[in-house]
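Using the working numbering, read the sequence shown as starting at 28 and increasing by one per residue. Even for Gly, the Cβ is constructed at its ideal location relative to N, Cα and C. Working notes, beginning with the structure itself.
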Amino acid sequence: MLTTTKFIINPTGDAPRTIHLKGRERWAMRRLIEAGATGCSTHNSPAPRLSAYIHRLRKSGVEIATVHERHTGAFPGCYGRYILRDDVQELAQ
28 MLTTTKFIIN
38 PTGDAPRTIH
48 LKGRERWAMR
58 RLIEAGATGC
68 STHNSPAPRL
78 SAYIHRLRKS
88 GVEIATVHER
98 HTGAFPGCYG
108 RYILRDDVQE
118 LAQ
């Protein structure tokens, strides 16, 4: 059974609140925190469903921006870079 981890969300202009995350949502939140202002994407943080984990975090009230970036090469296209806009801290267990 997966244990949950508490995170404190400090949104700009609003009261801090706590959310509990586990599994891939916890993994995605940790990647966002580590990435800081650079953000993360499937280009540098491979995950089968990163956009789904970001969507779930947004549904829980976390502010995450998406910046669309183009890439070239054999398979050119566009991908999203996700940047955490709220101040978030993981609470020690």
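Note to self: Tell me the residue span of the beta strand (DSSP E) that contains Lys49.
What the structure shows: The sequence position of residue 49 within the sequence shown is 22, counting from 1. No beta strand (DSSP E) contains Lys49, which DSSP labels as neither H nor E.
My output table needs one value for Leu111: the three-state DSSP class, helix, strand or coil.
Residue numbering aside, residue 111 sits at position 84 when the sequence shown is read from its first letter. Strand at Leu111.
>> Which residue wins for smallest C-alpha separation from Thr32, given the options Phe102, Asp113 and Thr45?
In response: As a position in the sequence shown, residue 32 is number 5, starting the count at 1. The shortest Cα separation from Thr32 among Phe102, Asp113 and Thr45 belongs to Thr45.
In the structure shown, what three-state DSSP assignment does Gly63 receive? Here residue 63 corresponds to residue number 36 of the sequence shown, with the count starting at 1. Three-state DSSP puts Gly63 in a helix.
Are Arg108 and Glu96 closer than 8 Å when you measure CB to CB? Mapped onto the sequence shown, residue 108 falls at position 81. Mapped onto the sequence shown, residue 96 falls at position 69. Closer than 8 Å, so yes.
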